[in-house]
Every structure is written in structure tokens, then in C-alpha cells.
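The structure under discussion appears below in the form of C-alpha cells.
Numbering (the numbering used here), first residue to last: 14 to 209.
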């Protein structure tokens, strides 16, 4: 037996006063009553605009400044010295960390959100209980960003599992038969983000 959950989509109504007047029944459609209904509708419109502005400006996708800091406090991710765009990506990554059960797919998704790779993220098992997670980017992350990514990934790492984080530039050094690599003896080396 399947359960369906109802979702409500909020819609902005820009003309409550006019809608009220348009819905007057013929016997009540008198000039003074029209003015009264228009005045009530204008009062409702004022509340509509304030409420709509509050809803729109505090959503994570639209939040900036203090509103974004509140999102960070809510999920446990401090701003540090990053701008709104980078901070929003780390808040999203922290949300994923908070819900994570430590599966490989979840770890890759967190790494993807936290690093915004150009070349993708992938993993390789390091048996018996280890994993290599690699992110391919066009340029290396700065030291502060690497530390932040390492903290996020450490929080998501399942207990008892060794994890090595690597960042590589697209077209990195590799064997000639690897389609993604620049070729043996060509291209930059990857570097370690963190290992535990």
C-alpha cells in the first residue's frame, strides 16, 4: 500500500483588492461597498507582500548575509572567511553530511557539492576497509578550502573506514592507455587533500 504525501506550492497573489471587488455579487456591487472591499483587499495585499518577501528572502537558495549565517548555524557550518556563494555550497554539503550514513554514493555526493568539480568525482576501494575519493578540477583548491572539505568529509566518514581524499587536475599525469589522463610523463600530478 503506497502513501502519497500532499505538497503545497505557494503562489504570490499581487492583486487581492481587485480580486475581492471582482467577486462581489450583483446586489452588493455598489460604489461604497466596492471601496470598502478594495480597502480590505489592499490591507490583505500589504500582509501578502511582507510575508512573501520574508519567505523568498530566507530560503537557502536566495538567502544572503545574516540570513545565510542563520542557515549555517542551523546545520552546524560556520561561515569563516568565505563569500555567500561558497558558503551556500558548504551549507548544502553540511546538510548532506548531517543526513549521511557513510555510503560511497553519499560520500561522492558530499565531495561533489563541497568541491564543485569540473571533471567529476570517483572512488577506488582500498581493501580491506579503505577508500580513495578523487575529485577532478580545472585548478587546485586553496588551503582553506581543502581544510574545510577535509573536515566535512571526516564528519561523513564511516567509523573504522580509512579514507584518502585526492584532488587532481583534469588531464593529469597518467598512463597512456587511460583516456582521461594526459599521458605518461605529461600533465600535472594530483595532490592529497587529506588521509585518515
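Note that CB positions come from ideal geometry on N, CA and C, so glycine has one too.
Nearest to residue i by alpha carbon, out of the options?
i	options	result
residue 176	66, 91, 124, 84	124
residue 154	140, 137, 130	130
residue 120	63, 47, 148, 28	148
residue 127	58, 29, 160	160
residue 112	38, 171, 44, 41	171
residue 162	146, 173, 174	146
residue 32	47, 93, 23, 65	47
residue 23	65, 184, 40	65
residue 184	203, 117, 36	203
residue 158	117, 93, 118, 133	93
residue 138	79, 59, 178	178
residue 156	134, 122, 206, 136	206
Which of the three DSSP states, helix, strand or coil, is assigned to residue i?
i	result
residue 204	strand
residue 130	coil
residue 83	helix
residue 1	As displayed, the chain neither begins before 14 nor continues past 209, which places residue 1 out of reach and without an answer.
residue 71	helix
residue 64	helix
residue 110	helix
residue 76	coil
residue 172	coil
residue 90	coil
When the distance is taken between beta carbons, is residue j closer than 8 angstroms to residue i?
i	j	result
residue 50	residue 34	yes
residue 95	residue 108	no
residue 73	residue 100	no
residue 115	residue 76	no
residue 151	residue 105	no
residue 61	residue 26	yes
residue 54	residue 29	yes
residue 110	residue 144	no
residue 174	residue 142	yes
residue 103	residue 90	yes
If you follow the beta strand (DSSP E) that residue i is part of, which residue opens it and which one closes it?
i	result
residue 137	133-139
In the DSSP assignment, what residue or residues form a beta bridge with residue i?
i	result
residue 150	182
Mind checking which residues open and close the alpha helix (DSSP H) that includes residue i?
i	result
residue 94	Neither: residue 94 is in no alpha helix (DSSP H) and is coded neither H nor E.
residue 161	156-169
residue 43	Looking at the DSSP string, residue 43 is not in any alpha helix (DSSP H), and its letter there is neither H nor E.
residue 34	29-35
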